[in-house]
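In order, the protein sequence lines correspond to chains G and Z. Per my numbering, the first sequence runs over residues 43 to 161. Per my numbering, the second sequence runs over residues 43 to 161. Before any comments, here is the structure.
Number of protein chains: 2
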Amino acid sequence: MTQNGIECCDSICVHEELLQKVNAHMPKEEELYDLAELFKVFGDSTRIRILFVLFEAEVCVCDLAEALQMTQSAVSHQLKILKQAKLVKNRRAGKSIFYSLADDHVRAIIGQGLEHIEE
Amino acid sequence: MTQNGIECCDSICVHEELLQKVNAHMPKEEELYDLAELFKVFGDSTRIRILFVLFEAEVCVCDLAEALQMTQSAVSHQLKILKQAKLVKNRRAGKSIFYSLADDHVRAIIGQGLEHIEE
DNA sequence: TGAACATATGAATAGATATTCATATGTATG
DNA sequence: CATACATATGAATATCTATTCATATGTTCA
């Protein structure tokens, strides 16, 4: 242990205070898991592209597939994931189903992400 | 085609205007990819937990391992990923290496994520 | 310099995931 | 009601990824 007391890492001198502070502020297991699951949804360029389309307008599945040059099935699978994460919502109009952004968190999160990578 | 012109989805009547608008605003392939890569880094509960520890203080690897009850190796591998994404930085102090948050985007992004899941 | 310690890293493995293909569900229309 | 169309979904596969294990790198100190 040195004068300032911040020396590391003998098992004897693990920083107990720090560990207690960390444990006090660490979210619960479930919240951490949900948070990771949410970001996982943003962590795929196909889904990111879908979200960028929805930034422009409410769109039906077949237009999404056309816009992104993807299979209807692939788009549909990803839309399901986006919907489960409550990032998009949909409504039926005849045979078609139109998707749109669920709320403004999507823009906010992607906006922050863009800021970070554009440094 | 119906009166209002927003009927979908015969190949004949894909919404050309929409597609053009989408293409005009869609980021480049590389930017989309980088964005997805960034969120992928947030999309793992181990890395989220590491970031929450770093919210409290600058910490060495062995304390991180202790705090999270993980192998030094596992922590080190994840720290590498966080560093590549420029979410954390490090400095050497003797034998130890201390990690800390690279900038405030990390807090902002996680904050937005927390807001979303807490609805 | 050599021993002990803190961290990094490569290879291997087990588990997760995006797309494809085939098909089911649900809706409008003749 | 039967057909065509738009979307959803289950299974299979190929790819990716987090952890583990063994070991390498880099630092301190005697």
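Built from N, CA and C at the ideal position, the CB exists for glycine as well. Only a predicted model underlies this, so the values are computations on that prediction, with no experimental measurement involved.
For residue i, which of the options has the nearest alpha-carbon?
i, options, result
"Arg89(Z)", "Leu60(Z), Glu73(Z), His119(Z) and Asp76(Z)", "His119(Z)"
"Ala109(G)", "Gln154(Z), Glu161(Z), Lys131(Z) and Ala66(Z)", "Ala66(Z)"
"Phe81(G)", "Met68(G), Arg134(G), Gln126(G) and Leu96(G)", "Gln126(G)"
"Asp146(Z)", "Ala144(G), His147(G) and Glu157(G)", "Glu157(G)"
"Met68(G)", "Ala144(Z), Ala150(Z) and Val95(Z)", "Val95(Z)"
"Ile159(G)", "Asp105(Z), Lys63(Z) and Val83(Z)", "Val83(Z)"
"Val117(G)", "Gly153(G), Ser87(G) and Arg133(G)", "Ser87(G)"
"Leu60(Z)", "Ala107(G), Asn132(G) and Lys131(G)", "Ala107(G)"
"Val64(G)", "Gly153(Z), Glu71(Z) and Leu93(Z)", "Leu93(Z)"
"Lys128(Z)", "Gln62(G), Glu161(G) and Lys70(G)", "Glu161(G)"
"Gln62(Z)", "Glu72(G), Val130(G), Asp105(G) and Ala144(G)", "Asp105(G)"
Quick check on residue i - is its C-beta less than 9 Å from some C-beta in chain G?
i, result
"Asn65(Z)", "yes"
"Val117(Z)", "no"
"Leu124(Z)", "no"
"His158(Z)", "yes"
Cβ closer than 8 Å: which chain G residues qualify as neighbours of residue i?
i, result
"Arg91(Z)", "Met68 and Leu74"
"Gln26(Z)", "No statement about residue 26(Z) is possible, as the shown extent of chain Z runs from 43 to 161 and does not include it."
Just to make sure I have the definition right: I need the residues of chain Z whose C-beta is within less than 7 Å of the C-beta of residue i. Which are they?
i, result
"Lys82(G)", "Gly85"
Give the residues of chain Z in contact with residue i, contact being defined as C-beta atoms less than 8 Å apart.
i, result
"Val130(G)", "Under the 8 Å cutoff, chain Z gives no residues; its nearest Cβ is about 13 Å from Val130(G)."
"Gln111(G)", "Within chain Z, no residue comes near Gln111(G); the closest Cβ sits about 11 Å away, beyond 8 Å."
"Leu61(G)", "Asp105, Glu108 and Ala109"
Give a yes or no on whether the minimum CB-CB distance between residue i and chain Z is below 9 Å.
i, result
"Leu77(G)", "yes"
"Leu143(G)", "no"
Touching by the beta-carbon criterion (3+ pairs, under 8 Å), the segment 99-112 of chain Z and the segment 136-152 of chain Z: Between the segment 99-112 of chain Z and the segment 136-152 of chain Z there are three or more C-beta pairs closer than 8 Å, enough to call the two in contact.
Tell me, please, whether the segment 55-67 of chain Z touches the segment 106-121 of chain Z by the rule of three or more beta-carbon pairs shorter than 8 Å. Output reads no: the segment 106-121 of chain Z does not touch the segment 55-67 of chain Z.
Contact between the segment 104-113 of chain Z and the segment 75-84 of chain Z: three or more CB pairs below 8 Å? When C-beta atoms of the segment 104-113 of chain Z are compared with those of the segment 75-84 of chain Z, fewer than three pairs fall below 8 Å, so the two segments do not count as touching.
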